[in-house]
């Protein structure tokens with residue numbers, strides 16, 4: 002893996018590591034570990050960039066232009082980042098996505114891919130990054146529900162490094178609950194439409210922010226598939242979450258995007274009003290299950 006990354010860098014001296022919009026713990030942890038790997042390879046990392054910021058902080062929202070390469074962390078599709086004015090490669094764990102050269106390994110979290118590169122490069126993970134990596138793995142595996150033996154081995158090494166139990170790290174570093182997030186959840190439930198289908202319950206709604214969180218919550222309360230739409234500068238973002246149902250193929254079919262089998266995003270390149278979102282969601286639901294019927 003490391004040799005592949007070295008070849009892809011192709012003499013680059015300056016780089017920016019870029020996550021997807023509103024970076025979550027896994028994206029930011031992957032980016033911070035990659036920064037260490039790139040520096041070990043002799044590449045100056047001028048910035049870790051989180052477009053539209055991150056609730057975890059610790060990154061820039063501004064995309065630098067004076068770099069030789071953009072290294073995308075946890076980015077399946079170029080629709081998840083602003084237009085890049087230069088060469089890009091990606092380090093990712095999504096089996097479905099755009100045809101961007103990179104190191105792509107099907108793992109439960111992107112942090113694991115970055116940690117493997119770090120191990121191959123002989124990079125020692127400092128405590129602050131190790132703590133973030135624990136949070137990234139924990140969050141992206143659904144509280145370890147999607148973790149496999151490799152995930153647990155990586156997590157064990159991090160916990161040994163930190164000398165602390167998993168529960169303490171998760172409690173200390175958990176994302177703060179705030180009024181904006183609460184409002185997004187309440188609005189999402191107010192606009193919710195639930196469909197019965199051969200797939201199971203499909204839940205669809207739209208919000209202005211926190212789409213992934215709303216979708217994850219819907220799955221946690223029993224929806225087989227959750228679909229959450231929002232309007233962004235580049236079009237309509239449709240976030241999917243599921244329980245054992247391939248939503249990545251649906252995301253690719255309806256727009257630009259990709260992701261995992263159980264977590265994906267599609268970007269529809271069109272300008273719409275908020276009042277049009279329900280009809281878009283209904284069309285997406287029919288793509289998932291043509292026999293879907295609204296539960297009154």
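Residue numbers (my numbering): 2 to 297. Yeah, the Cβ is synthetic: ideal placement off N, Cα and C, and Gly gets one too.
Separation of the CB atoms of residue 260 and residue 95 is rounded to 5 Å, and the pair is thereby assigned contact status at 8 Å. Membership of residue 236 in the beta strand (DSSP E) is indicated by the continuous run 236-243. Residue 294 carries a strand assignment under DSSP once its states are collapsed to helix, strand and coil. For residue 129, the closest alpha carbon among the candidates 155, 188 and 162 is that of 162.
Just so you know, the alpha carbons of residue 30 and residue 197 end up roughly 38 Å apart.
Between residue 232 and residue 275, the C-beta gap is smaller than 8 Å, which places the two residues in contact. Put simply, the backbone Cα of residue 26 is about 7 Å away from that of residue 133. Cβ-Cβ distances below 7 Å link residue 109 to 141, 142, 147, 148, 149 and 152 in the same chain, with the five nearest sequence neighbours on each side left out; the list follows chain order. Look at residue 233 here: in three-state DSSP terms it is strand. Scanning its chain for C-beta atoms nearer than 6 Å, with the 5 sequence neighbours on each side dropped, one finds around residue 104 the residues 2, 5, 6 and 92, in chain order. Setting aside the 5 residues that flank it on each side, residue 208 is surrounded in the same chain by 185, 188, 189, 215, 229 and 231, each with a C-beta closer than 7 Å to its C-beta; the list follows chain order.
Bridge partners of residue 20 according to DSSP: 74.
Taking 8 Å as the cut-off, the beta carbon of residue 220 is found closer than this to the beta carbon of residue 242. One alpha carbon belongs to residue 288, the other to residue 32, and they sit about 34 Å apart. Collapsing the DSSP output to three states places residue 258 in a strand. Spatial neighbours of residue 225 in its own chain (CB-CB distance under 7 Å, excluding positions within 5 residues in sequence) are listed in chain order as 200, 201, 202, 203, 243, 244 and 246. Annotation for residue 90: the continuous beta strand (DSSP E) segment containing it runs 89-93.
The C-beta distance from residue 75 to residue 28 rounds to 4 Å, short enough to meet the 8 Å contact threshold.
Leaving aside the five residues that flank residue 290 on each side, the residues in its chain whose CB is nearer than 7 Å to its CB run, in chain order, 198, 199, 200 and 203. Rounded to the nearest whole angstrom, the C-alpha separation of residue 23 and residue 47 is 20 Å. For residue 194, there is no enclosing alpha helix (DSSP H); the enclosing beta strand (DSSP E) covers residues 194-197.
Of the candidates 127, 69 and 265, 69 places its Cα closest to the Cα of residue 9.
Between residue 78 and residue 257, the CB-CB gap stays under 8 Å.
Burial of residue 98 is indicated by the presence of at least 16 other C-beta atoms within 10 angstroms of its C-beta. By the C-beta density criterion, residue 36 is buried, having at least 16 other C-beta atoms within 10 angstroms. Assignment of residue 61 by DSSP, reduced to helix, strand and coil, places it in the strand class. Nearest C-alpha to residue 67 among 121, 16, 295 and 138: 16.
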